[in-house]
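Enquirer: Got a structure for you, written out below as structure tokens; questions coming shortly.
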Amino acid sequence: MTLPLDLPVPATGQWRLAEVQLANWGTFDGKIYRLPIARRGHLVTGPSGSGKSSLLDAIAAVLTPDKWLRLNQAAQGSGARADQRSLVSYVRGAWSRTVDDDEDRVVSQFLRTGATWSGILLRLESGTTQPVTLARLFFLRAGGSSNADINDVCVLERSAIDLRDVEPFVRKGVEVRKLQAAWPDAVVTSNRSHARFYARLRSVVGIADETALQLLHKTQSAKNLDSLDDLFRDYMLEEPSTFALADNAVAQFGELRSAHDRVVQLRLQRDHLLRLRDAASAHDEARVAAEKAKDLASHVVGYQHARTLLLATNEAEALRERLVVLREDVATARLRDTSSDEALRRAERLALELGGAEAEHVQRAIDTAEQAARDTEERWQTLARQLAAAGIQSPPRTAGEFAELRRAIEEMIDDTEPETASYEQLQRLFETRAERDRLTDDIASLRRTGSTVPPRLLAVRTALSAHLGLPDTALPFAAELIEVAPRHVAWTGAIERVLRPLSLAMLVRSEHLRPVRRWVEEHQLDGLRLVFEEVRPDAAPPRPARSDVSLLHRVVIADGPFAGWLGGQLSERFDYACVDSPDHLDRHDKAVTIGGQVKTSRTRYEKDDRMRIGDRRGWVLGDREAKIEALVERLIGAEAELAAAQEVAADVERRRAASIERRGVLKTVREQRWAAVDVEGAQSRVAELQHQLEDLTSADSELSTAVQTVAARRSERQASAEVLRAAELAVAQAESEQRRLGEEIDRLNASSREEGALDPEVVTELDGRFRARRRHLDRVGIAAVGQQVVQDLRDDSDAETRRANTAAEAIVREATSFNEQWPAAAVAADLTPSVDDRGGYLDVLDQIVANGLPQHEASFLRLLRERSRDMVADLVNDILAAPREIAERIGPVNDSLRRSPFDTDRSLGLKVKTRHTDTVTRFIADLRAVASLGWTEDDLEAAEERFAVLSRIMEQLASSLPADRAWRRQCLDTRQHVTFRAEEIDPDGHVHATYDSGAAMSGGQQQKLVVFCLAAALRYQLADADDVVPRYGTIVLDEAFDKADTRYTRMALDVFVEFGFQLILATPQKLLQTIEPYVGAVTSIENPTRKLSQVSSVVWDDEVPS
34 MTLPLDLPVP ATGQWRLAEV QLANWGTFDG KIYRLPIARR GHLVTGPSGS
84 GKSSLLDAIA AVLTPDKWLR LNQAAQGSGA RADQRSLVSY VRGAWSRTVD
134 DDEDRVVSQF LRTGATWSGI LLRLESGTTQ PVTLARLFFL RAGGSSNADI
184 NDVCVLERSA IDLRDVEPFV RKGVEVRKLQ AAWPDAVVTS NRSHARFYAR
234 LRSVVGIADE TALQLLHKTQ SAKNLDSLDD LFRDYMLEEP STFALADNAV
284 AQFGELRSAH DRVVQLRLQR DHLLRLRDAA SAHDEARVAA EKAKDLASHV
334 VGYQHARTLL LATNEAEALR ERLVVLREDV ATARLRDTSS DEALRRAERL
384 ALELGGAEAE HVQRAIDTAE QAARDTEERW QTLARQLAAA GIQSPPRTAG
434 EFAELRRAIE EMIDDTEPET ASYEQLQRLF ETRAERDRLT DDIASLRRTG
484 STVPPRLLAV RTALSAHLGL PDTALPFAAE LIEVAPRHVA WTGAIERVLR
534 PLSLAMLVRS EHLRPVRRWV EEHQLDGLRL VFEEVRPDAA PPRPARSDVS
584 LLHRVVIADG PFAGWLGGQL SERFDYACVD SPDHLDRHDK AVTIGGQVKT
634 SRTRYEKDDR MRIGDRRGWV LGDREAKIEA LVERLIGAEA ELAAAQEVAA
684 DVERRRAASI ERRGVLKTVR EQRWAAVDVE GAQSRVAELQ HQLEDLTSAD
734 SELSTAVQTV AARRSERQAS AEVLRAAELA VAQAESEQRR LGEEIDRLNA
784 SSREEGALDP EVVTELDGRF RARRRHLDRV GIAAVGQQVV QDLRDDSDAE
834 TRRANTAAEA IVREATSFNE QWPAAAVAAD LTPSVDDRGG YLDVLDQIVA
884 NGLPQHEASF LRLLRERSRD MVADLVNDIL AAPREIAERI GPVNDSLRRS
934 PFDTDRSLGL KVKTRHTDTV TRFIADLRAV ASLGWTEDDL EAAEERFAVL
984 SRIMEQLASS LPADRAWRRQ CLDTRQHVTF RAEEIDPDGH VHATYDSGAA
1034 MSGGQQQKLV VFCLAAALRY QLADADDVVP RYGTIVLDEA FDKADTRYTR
1084 MALDVFVEFG FQLILATPQK LLQTIEPYVG AVTSIENPTR KLSQVSSVVW
1134 DDEVPS
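The numbering of the sequence shown is my numbering, which starts it at 34 and goes up by one.
This is the structure we're talking about:
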């Protein structure tokens, strides 16, 4: 072997590795292996798998804190392998991988499967002081298979000791106290807590910073370094503070997220309850509208009476005014009649004075004949009308026709009998009148007592309670205490049928039972059926309903002393299931359909349709207003039916009267003489007398004129008399109408006094509804219009009730959903998902809107502002400041580089260049947007946008997904935000070449460049500024220079030697002649069986320890 005479002599006083001892480490099995290390440098060679890397990993396991320890990294390369080594694999002695057929997986085979110990000992020497012994000992119990199962101890002793000396303290388990007692001055640490050991190590060998240990360890796998960026990012620069800041931000973001979640929750609750409020408003409005429609319907009869009274009063007033005019017309007609009579008398006297006595006599005969003709004409007209009324349209005009008529009349009289009303027609009239009167009494009773129980039963109770000296409420009927729940109003008819046996039972407490029984026994109830039940104080309490559709869930019991007893009776006797279909009756022993079919036992069914299930007249449970509405509606119908029955009876009566009248007419006509109705004969007599008068007056013109005047005055007198008779008849008819109106007004006034005055609002509302049906009302048509209005109101009430039920279902649905989504809020406010508790939900809404939400929004804004500054601002500042700080860190490395030439008359200098990817640029922009302080305190919309950005960032930072972890490292690892460039500089400062990680360089060139920078970085980390060489000089390189040729390998080795380092090199029998001049010994490791490493060394340096 040829020694290079120009290599510098290893510096005295520098700590270098002098010996390595191994026991039970990997395939170094069965004994203690002692390997002296040449101070100049040492080469370890051998085939792949022989144990070279195991030896170097043993050195690393002692010199490197576990937090940075990565074993066999040189063999791993840049990618991870499934057989990555660990402390356990070395202690156990993993030597092969085989397939486990039972578990169908690849497993390791171990040399040491039971309890075992392992040991590593390093001796460092400086040549000027006592050596330093560093040892790490392991014990693994049988069955241990992970690093956590290992017990270990580290020892630092300022003297030379042997691994055999410490073996007794670890062979059967780590005995820390005994070990410390054997070397009292040594630093002994155990159980993976070795901070004191490494602190003492750095103090002894002169390593100022703990990160230098990490760099030394990373240098072991420096063969993978082929770029400046990798060197400085992975070997030189510590993990930046941005990761800690991000972790802190994620941790602090939890409070902000909680605040935002609370705001979102309150907003969701608000929006949810707003929907419930809308439903509640719709429900309340519909209920009010339905009640209003019912109330209006109950006042229709009263309104009709009042309006009819008003119409009648107006008619009476108009009639009074008309009578005044008619009476004036009578007076005027009487004056005119008197005047025309006086004029006739004067004309008659003048005619007499002119000698017209004979003419006067003839004239009087003419007057008599004319009057007789008129009377005959009237009798004939009367006869014609009578005959027309009797069905004979052609009255006789000759004696022959009259005789023929009399014969026909004889036949008609014999065949005609007067018609009378039938029994059914009269019975209908009497029944409808009685129904009208009964309904009127029931309405009056219901309004007076407020009870839906039939009035006759109420009268019995009133008499009984008066006898006992009790109020009526002390003897309630069950119907007065039970009401169908509004949500189940559609089931009222069916529930009425089921509860009928109990509804009309009078409830009597035990202390009143005896006097009640005595009174009932002593009194005749006039055909009335009275049921009463004893209410005992020890009655059984209510039992749970058998099903969710039980009738018990669909009725409401009024609070009071009878509530418990009623609840018990209902649960015991009336726990009927309300089923939608008769097919579902089989599922229950007792059930009822909505159509009223009742199953009372397993085998008995009943359906009582004697009264329609929807006929509210027979309903007695609860709702007084609904009962009044039904009765009023029925009363309107009864009045219409009564009017129809009266019309039928009146029509029969009219026909009977007409028949009687016809018979009378026919009999009268039969007795009539023809001369009495011979109009033609009467007119012939008048004509004859007028010819006589003309003969008497033709010779005297004055007499003729006087006679004509008398005739004219007589005609005037007849006309005035006719006018007077017509005026007097009009007055008589008006007075008759006035008397009839007065009677009706008196009747209506009596009804109004009983009904009381109507509210003006009711009157106004009903005015509009009646006008909508008929613009102009009269007394005749108002009843029909009233019936139409009642039907309209009924339809409106039903529609509003349906709307209220729909809204109630929405309330229950929203309330149930609220309780399911936010049970804690529901429990805190004691909320139950029911219509009755809607006020509680609205109170919660008011609290949220008035206080809860604004306060939490303000808290959210405050936290967002604070966290934006505290979390984000610091993070973005660190990211932006990182390139400058990295450049400052590179400064001392440049100083170290200038101390050693990179090439002939060339030194190396490093430049730092910022490089932000698009991802990082967007990340910084997002951080700046969140951290910006230019937004107002109440700008919730902008705050939400910023929070969304911040939430997205924090979610990605906290994510464990591979893509997000890669994004996190790319954004936070500020070492990745810069790239490094090296420049060759001459002594005058001129740049002759520039290298960066992306430059087109050969592998050897890249490796030389990186190794040179690595050596400079190591010297910077291990040496003070004024030191010529580092105080600690051992560098371990595993499989180094595998890409470089001889020239570049020698150049790289020259770099390390020139920088003053001891090289421990491992290479698989490659470049041995190139490396030989730089080391003082070579150790060859063989492992032909793969189970046991065999070591042999060749030494040519006289400084190798013996």
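Backbone N, C-alpha and C define an ideal beta-carbon position, used for all residues, glycine too.
All figures in this text were calculated on a predicted structure; none of them were measured in a lab.
Taking the straight line between their C-alpha atoms, what separation do you get for alanine 51 and cysteine 1004?
Expert: 45 Å
Enquirer: Going by alpha carbons, who is nearest to arginine 643 out of Leu540, Leu654 and Gln630?
Expert: Gln630
Enquirer: Count the other CB atoms within 10 Å of the CB of glutamine 163; is the residue buried (16 or more) or exposed (fewer)?
Expert: Its Cβ having fewer than 16 others within 10 Å, glutamine 163 is exposed.
Enquirer: Kindly indicate the opening and closing residues of the alpha helix (DSSP H) around lysine 327.
Expert: 275-331
Enquirer: Flag this pair as yes or no: are the beta carbons of glycine 1141 and asparagine 224 separated by less than 8 Å?
Expert: This structure does not reach residue 1141, given that the chain is present from 34 up to 1139, and the question cannot be answered.
Enquirer: Compute the distance between the beta-carbons of asparagine 1120 and threonine 60, then report whether it is under 8 Å.
Expert: Yes.
Enquirer: Give the straight-line distance between the Cα atoms of glutamine 54 and leucine 89, rounded to the nearest whole angstrom.
Expert: 12 Å
Enquirer: In angstroms, rounded to a whole number, what distance separates the CA positions of threonine 525 and valine 582?
Expert: 14 Å
Enquirer: Check histidine 1025 in the structure and name its three-state DSSP category.
Expert: strand
Enquirer: Grouping DSSP H, G and I as helix and E and B as strand, with all else coil, what is threonine 839?
Expert: Helix, per DSSP.
Enquirer: Looking at the secondary structure, which residues open and close the beta strand (DSSP E) in which lysine 205 lies?
Expert: Taken as a continuous stretch (DSSP letters only), lysine 205 belongs to no beta strand (DSSP E), as it is neither H nor E.
Enquirer: Using the beta-carbon count (16 or more within 10 Å), is valine 333 buried or exposed?
Expert: Its Cβ being crowded by 16 or more others within 10 Å, valine 333 is buried.
Enquirer: Can you check which of these residues, Leu309, Thr1116 and Ala255, is closest to aspartate 870 by C-alpha distance?
Expert: Leu309
Enquirer: Which residues in the same chain as isoleucine 646 place their Cβ atom closer than 6 Å to its Cβ, once the five residues preceding and following it in sequence are excluded?
Expert: Answer for isoleucine 646: Gly526 and Gly629, listed in chain order.
Enquirer: Taking DSSP as the reference, what is the three-state secondary structure of proline 37?
Expert: Confidence at proline 37 is low in this model, with a pLDDT of 45, below 50, so its placement is unreliable and the value that follows should be read with caution. Note: proline 37 maps to coil in three-state DSSP.
Enquirer: Answer yes or no: do valine 868 and valine 845 have a C-beta to C-beta separation smaller than 8 Å?
Expert: yes
Enquirer: From this set, Leu894, Val1132, Arg533 and Val1061, which residue's C-alpha is nearest aspartate 1184's C-alpha?
Expert: This structure gives no information on residue 1184, because the portion of the chain shown stretches from 34 to 1139.
Enquirer: Between the beta-carbon of arginine 489 and the beta-carbon of aspartate 505, is there less than 8 Å?
Expert: no
Enquirer: Could you give the DSSP three-state label for leucine 356: helix, strand or coil?
Expert: helix
Enquirer: Leaving out the 5 sequence neighbours to the left and right, which residues in its chain are closer than 8 Å to glutamate 899 when beta-carbon positions are compared?
Expert: none
Enquirer: Taking 7 Å as the limit between beta carbons, can you name the residues of its chain near valine 95, skipping five residues before and five after?
Expert: Ile153, Leu155, Leu167 and Arg169
Enquirer: Thinking serine 87 and arginine 1123 are a contact (beta carbons under 8 Å), I'd like their distance in whole angstroms, please.
Expert: Actually they are not in contact, since the Cβ atoms of serine 87 and arginine 1123 sit about 12 Å apart, beyond 8 Å.
Enquirer: DSSP state of alanine 425, grouped into three classes?
Expert: In the sequence as presented, alanine is not what sits at residue 425; that position holds isoleucine. Correct three-state label for isoleucine 425: coil.
Enquirer: Which residues in the same chain as threonine 244 place their Cβ atom closer than 8 Å to its Cβ, once the five residues preceding and following it in sequence are excluded?
Expert: Glu271 and Gln1054
Enquirer: Fully enclosed by the region 1097-1138, which beta strand (DSSP E) runs are 3 residues long or longer?
Expert: 1114-1119 and 1127-1132
Enquirer: Any idea if asparagine 347 is buried or exposed, counting beta-carbon neighbours within 10 angstroms, 16 or more meaning buried?
Expert: exposed
Enquirer: With which residues is leucine 68 paired in a DSSP beta bridge?
Expert: Val53
Enquirer: With DSSP as the reference, identify every bridge partner of leucine 170, one or two as the case may be.
Expert: Gly152 and Val186
Enquirer: Give the DSSP-derived three-state secondary structure of phenylalanine 595 in the structure shown.
Expert: Residue state, collapsed to three classes: coil.
Enquirer: Are serine 83 and serine 1126 closer than 8 Å when you measure CB to CB?
Expert: yes
Enquirer: With H, G and I counted as helix, E and B as strand and the rest as coil, what does DSSP make of threonine 797?
Expert: helix
Enquirer: Threonine 97 to threonine 1116, Cα distance in whole Å?
Expert: 23 Å
Enquirer: Can you pull the DSSP bridge partners for leucine 1070?
Expert: Leu1098
Enquirer: In the DSSP output, what is phenylalanine 143 paired with across the bridge?
Expert: Ala127
Enquirer: How far does the beta strand (DSSP E) with serine 940 in it reach, from first residue to last?
Expert: 940-947 is the span of the beta strand (DSSP E), which, as asked, contains serine 940.
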